[in-house]
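Student: For the sequence shown, the numbering used here gives the first residue as 8, with consecutive numbering after it.
We put the beta carbon where it would ideally sit given N, CA and C, even for glycine.
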Amino acid sequence: MAVIAPFKGVVYKRGAGSSLIDDLAPPYDVIPPETQDQLYEKSDRNVIRLILGKEFSDDNDANSRYTRAEGFLRDWMQDGTLERIEHESVYLYSQEYEIDNKRLKRVGIICRTKIEEFGKSIFPHERTLSGPKTDRLNLTRACRMNFSQVFGIYSDPKLTLDAIWEGIMKSAADMDVTDENGVKHRLWVISDPEVIERARLFFLETQIVIADGHHRYETALNYRNERRAQEGSQNSEAGYEHVMMFLSNCCGDGFTVLPTHRIVKDIGALDIDSAVEKLKSDFKIDERSVDGNLVPRFLSDLKKSGDQNPSLGLYRGDGRMLLLSLKKEAALPNPPGSEKAAILRRLDVILLQELVFEKALGISKEAVADKKIVGYTIDAESAMRQVDEGTARLSFIMNPTRMDQVIEVATSGGVMPQKSTYFYPKLISGLVFNPLE
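(1) Going by C-alpha distance, which of Lys127, Val416, Met251 is nearest Glu346?
(2) So what's Thr74 in DSSP terms, helix, strand or just coil?
(3) State yes or no: is the C-beta of Gly437 within less than 8 angstroms of the C-beta of Ala12?
(4) Which whole-angstrom value is the C-beta distance of Gly344 and Val413, which I expect to be below 8 angstroms?
(5) Taking the CB atoms as reference points, tell me whether Val97 and Ile197 lie closer together than 8 angstroms.
(6) The beta strand (DSSP E) that contains Asn256, what's its start and end?
(7) Enumerated in chain order, which unbroken segments of the alpha helix (DSSP H) with a length of 4 residues or greater are wholly contained in the region 126 to 193?
(8) Please check the pair Ile160 and Ser255, which I expect to be a contact at CB under 8 angstroms, by giving their CB distance rounded to whole angstroms.
(9) Do you know offhand how far Met182's Cα is from Arg409's?
(10) Nearest by alpha-carbon distance to Pro340: which of Lys366, Asp68, His268, Leu434 is it?
(11) Under a three-way DSSP split, which group does Gly382 fall into?
(12) Roughly how many angstroms lie between the CA atoms of Ala9 and Phe210, to the nearest whole one?
(13) Touch check for the region 36 to 53 and the region 118 to 134: three-plus C-beta pairs under 8 angstroms?
(14) Which word fits Asn441, buried or exposed, when buried means at least 16 other C-beta atoms lie within 10 angstroms of its C-beta?
(15) Does DSSP classify Pro442 as helix, strand or coil?
(16) On the CB-based measure, 16 or more other CB atoms within 10 Å of its CB, does Pro39 come out buried or exposed?
(17) Using C-beta distances below 7 angstroms, list every residue in its chain close to Pro34, excluding the 5 sequence neighbours before and after it, in chain order.
(18) Identify every residue that forms a DSSP beta bridge with Gly261.
(19) Alpha carbon to alpha carbon, how far is Pro407 from Lys310?
(20) Does the Cβ-Cβ distance between Lys112 and Gln102 come in under 8 angstroms?
(21) Drop a sphere of 10 angstroms on the beta-carbon of Asp30, count the other beta-carbons inside from all chains shown, and report buried for 16 or more, exposed for fewer.
(22) Report buried or exposed for Gln393, applying the criterion of at least 16 other Cβ atoms within 10 angstroms of its Cβ.
(23) In chain order, which continuous runs of the alpha helix (DSSP H) of length 4 or greater are located wholly inside the region 271 to 341?
(24) Using CA coordinates, which residue listed in Asp163, Arg400, Arg21 is at the minimum distance from Asp260?
(25) Would you kindly work out how many angstroms separate the C-alpha atoms of Ala374 and Ala227, rounded to a whole number?
(26) I'd like to know whether the C-beta atoms of Val381 and Arg269 end up nearer to each other than 8 angstroms.
(27) Using alpha carbons as the reference points, say which of Ser50, Lys272, Asn229 lies closest to Glu396.
(28) Take the Cβ of His94 as the centre, count every other Cβ of all protein chains shown within 10 Å, and call the residue buried at 16 or more, exposed below.
(29) Can you give me the C-alpha to C-alpha distance between Pro303 and Tyr322, rounded to a whole angstrom?
(30) Give the straight-line distance between the Cα atoms of Ser318 and Val283, rounded to the nearest whole angstrom.
(31) Quick one: Cα of Val17 to Cα of Leu329, how far?
(32) Where does Ile414 sit, in a helix, a strand or coil, going by DSSP?
(33) Cβ of Glu62 within 8 angstroms of Cβ of Arg72?
(34) Between the beta-carbon of Thr263 and the beta-carbon of Tyr431, is there less than 8 angstroms?
(35) Give the secondary structure of Arg52 by DSSP, where H, G and I count as helix, E and B as strand, and everything else as coil.
(36) Can you tell me where the alpha helix (DSSP H) with Ser389 in it begins and where it stops?
Right under this line is the structure:
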């Protein structure tokens, strides 16, 4: 059972200085250095100073991005930039956005969720790396605050809570901003005990799958264990026993999962024609031209092929694209976890790693994780352009992982490779913070 709770969140004080949108930021893990600079310049109270502060050559334990974040947080609480919500509340959050000429809305609540080991009522769906977890743990130790939500999804075809949310959203939002991508973010502060109790009871019978924020959740788990050891006892009501999550029903019509395409920067002395020959043992290969305006047509064909069989595109440059479709007689891989989640054996991202990268190209999982050989983008044309410009040798054009695949893999005890999913739009950082004290 998943245990949720309201909390007295910390928010930017309305009417204090700059416009709220100037103080918000994307999640820390999708912010490149140039965007970090822009956010610093946008507002002297932008949340970037808390979630991803700049680093300097003379940083040390006493003066680092983490201690500076704690200093900004302390100052902003004292000068009124930030304020504490008066009542225990949950926070209804909607994101309205346009994609493929359709206007969609994703809705969920931000709340505290009781931290637990994976596999009970909370499940991961992707592998994580140790580096980001160390960084987030240092920030949590310094500030004792959750600045960003862990994005959790659940499956409820009956739309039990969604009907409640629709009623609340007829009222004016407490916060209403539109970001530079045209995504409209709205937040309602809900302190009605009856509504909160209905949500609490619902989640007691609900499984949650982490869609985004695996590092944040595992950091919260590590921090909880660390604090328990320091305290020498367990206090189930302590702030550090919980993590701030955004929980959304994936059965709604507002979910978009984008494909993450792979860019292979180096394959050493391997000849591409030789690699293609190796691929023929497992894939049917259909070569076609994608010059000019033919990319959308190929993406449509790739989707149709993927509806029948696991499929992906291999772009080798000069407009030459190969559509790879898994043969029925192909020897399926046995990745870790497939004994629990058999679906892993036929996932596009698994087949890419096992049958293409390792078997045909000789690129190991460790090399992929290192990110020096393989890069990522959600823009198919960008992935292809890098090959044409000579900054990459190959690119692989992917179909998006389906929502039902995410749920099945996670709740069966399996995990997907990193970058298997890209949930769009990203949750914005800075709407509400969760104190851990």
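Tutor: This is what the structure holds:
(1) Taking the sequence shown and counting its residues from 1, one reaches residue 346 at position 339. Comparing Cα-Cα distances from Glu346 to each of Lys127, Val416, Met251, the minimum goes to Val416.
(2) Reading the sequence shown from its first residue, position 67 is the one you call residue 74. In this structure, Thr74 counts as helix in the three-state DSSP scheme.
(3) As a position in the sequence shown, residue 437 is number 430, starting the count at 1. As a position in the sequence shown, residue 12 is number 5, starting the count at 1. No, they are not a contact pair.
(4) Numbered from 1 along the sequence shown, position 337 holds the residue referred to as residue 344. Numbered from 1 along the sequence shown, position 406 holds the residue referred to as residue 413. About 14 angstroms; that fails the 8 angstroms criterion.
(5) Looking up residue 97 in the sequence shown gives position 90. Looking up residue 197 in the sequence shown gives position 190. Yes; because the gap between Cβ atoms is below 8 angstroms, this pair is in contact.
(6) Indexing the sequence shown from 1 puts residue 256 at position 249. Looking at the DSSP string, the run of the beta strand (DSSP E) that includes Asn256 is 249 to 256.
(7) 137 to 150, 169 to 175
(8) Here residue 160 refers to the residue found at position 153 of the sequence shown. Here residue 255 refers to the residue found at position 248 of the sequence shown. Contact holds; Cβ gap of about 6 angstroms.
(9) Here residue 182 is taken as the residue at index 175 of the sequence shown, counted from 1. Here residue 409 is taken as the residue at index 402 of the sequence shown, counted from 1. Each residue's alpha carbon lies about 32 angstroms from the other.
(10) Locating residue 340 in the sequence shown gives position 333, where the first residue counts as 1. Closest option to Pro340, Cα to Cα, is Lys366.
(11) Against the sequence shown, residue 382 aligns to sequence position 375. Reduced to three states, the DSSP call for Gly382 is strand.
(12) Here residue 9 refers to the residue found at position 2 of the sequence shown. Here residue 210 refers to the residue found at position 203 of the sequence shown. Their Cα atoms are separated by approximately 5 angstroms.
(13) no
(14) Here the question's residue 441 lines up with position 434 in the sequence shown. Buried.
(15) Reading the sequence shown from its first residue, position 435 is the one you call residue 442. In the structure shown, Pro442 sits in a strand (DSSP, three-state: E or B).
(16) Position 32 of the sequence shown, counted from the start, is the residue given in the question as residue 39. Exposed.
(17) Translated into the one-based positions of the sequence shown, residue 34 becomes position 27. Within the same chain, Pro34 has close Cβ partners Ser155, Lys433, Leu434, Ser436.
(18) As a position in the sequence shown, residue 261 is number 254, starting the count at 1. DSSP, once it has assigned bridges, lists no residue as partnering Gly261.
(19) Start at 1 with the first residue of the sequence shown, and residue 407 comes out as number 400. Start at 1 with the first residue of the sequence shown, and residue 310 comes out as number 303. Their Cα atoms are separated by approximately 9 angstroms.
(20) Taking the first residue of the sequence shown as position 1, residue 112 is located at position 105. Taking the first residue of the sequence shown as position 1, residue 102 is located at position 95. A contact, by the Cβ cut-off of 8 angstroms.
(21) Walking along the sequence shown from the start, residue 30 turns up at place 23. Burial call: buried.
(22) Along the sequence shown, read from residue 1 onward, the residue named residue 393 stands at position 386. Its Cβ being crowded by 16 or more others within 10 Å, Gln393 is buried.
(23) 279 to 286, 302 to 315
(24) Within the sequence shown, residue 260 is the residue found at index 253, counting from 1. For Asp260, the nearest C-alpha among the options comes from Asp163.
(25) Indexing the sequence shown from 1 puts residue 374 at position 367. Indexing the sequence shown from 1 puts residue 227 at position 220. Cα to Cα, Ala374 sits roughly 28 angstroms from Ala227.
(26) Translated into the one-based positions of the sequence shown, residue 381 becomes position 374. Translated into the one-based positions of the sequence shown, residue 269 becomes position 262. Yes, Cβ-Cβ distance for Val381 and Arg269 is below 8 angstroms.
(27) Sequence index remark: in the sequence shown, residue 396 carries index 389 (1-based). Closest option to Glu396, Cα to Cα, is Lys272.
(28) If you number the sequence shown from 1, residue 94 lands on position 87. It is exposed - the Cβ of His94 has fewer than 16 other Cβ atoms within 10 Å.
(29) Here residue 303 refers to the residue found at position 296 when the sequence shown is read from its first residue. Here residue 322 refers to the residue found at position 315 when the sequence shown is read from its first residue. In a straight line, the C-alpha of Pro303 is about 14 angstroms away from that of Tyr322.
(30) In the sequence shown, residue 318 corresponds to position 311, counting from 1. In the sequence shown, residue 283 corresponds to position 276, counting from 1. The straight-line gap from Cα to Cα measures roughly 15 angstroms.
(31) As a position in the sequence shown, residue 17 is number 10, starting the count at 1. As a position in the sequence shown, residue 329 is number 322, starting the count at 1. Roughly 51 angstroms between the two C-alpha positions.
(32) Numbered from its first residue, the sequence shown carries residue 414 at position 407. In the structure shown, Ile414 sits in a helix (DSSP, three-state: H, G or I).
(33) By 1-based counting over the sequence shown, the position of residue 62 is 55. By 1-based counting over the sequence shown, the position of residue 72 is 65. Yes, they are a contact pair.
(34) In the sequence shown, counting from the first residue as 1, residue 263 sits at position 256. In the sequence shown, counting from the first residue as 1, residue 431 sits at position 424. The answer is yes: Cβ separation under 8 angstroms.
(35) Start at 1 with the first residue of the sequence shown, and residue 52 comes out as number 45. It is coil, neither helix nor strand.
(36) Within the sequence shown, residue 389 is the residue found at index 382, counting from 1. Where Ser389 is concerned, the enclosing alpha helix (DSSP H) stretches over 387 to 395.
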